[in-house]
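Shown next, in structure tokens, is the structure this report addresses.
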Amino acid sequence: MYVIPLAGRSVPDPVRGDILPEKGRFVVPSTYWLRRLACGEVSERQLSITPTPVRKGARK
Numbered sequence: 007m008y009v010i011p012l013a014g015r016s017v018p019d020p021v022r023g024d025i026l027p028e029k030g031r032f033v034v035p036s037t038y039w040l041r042r043l044a045c046g047e048v049s050e051r052q053l054s055i056t057p058t059p060v061r062k063g064a065r066k
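Numbering (my numbering), first residue to last: 7 to 66.
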């Protein structure tokens, strides 16, 4: 899941041992992050990952 701290919030990331950056990051879903969502400290963003198209004749 990709989480972003709400404006003005400093949210610790217990796995990495630092503060969640303003741009957010991918985290492993856990009770910790679900509580942060429920408390309104972070928001979850759905990112669409589109594969990069391979051009015909591209070398391997």
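Ideal Cβ positions, reconstructed from N, Cα and C, are used throughout, including at glycine.
Pair within 8 angstroms by beta-carbon distance, residue i and residue j
i     : j     : result
Met7  : Pro27 : no
Pro59 : Tyr38 : no
Residue i - partner residues in DSSP beta bridges
i     : result
Glu50 : Val9
Pro18 : Ile25
Length of the line joining the Cα atoms of residue i and residue j
i     : j     : result
Ala44 : Gly63 : 50 angstroms
Val17 : Arg61 : 42 angstroms
Ile10 : Ile25 : 11 angstroms
Gln52 : Val33 : 13 angstroms
As assigned by DSSP and simplified to three states, the class of residue i
i     : result
Arg31 : strand
Thr37 : helix
Whole-angstrom C-beta distance between residue j and residue i, which should lie under 8 angstroms
i     : j     : result
Glu50 : Leu12 : With 8 angstroms as the limit, Glu50 and Leu12 do not qualify as a contact, their Cβ atoms being about 11 angstroms apart.
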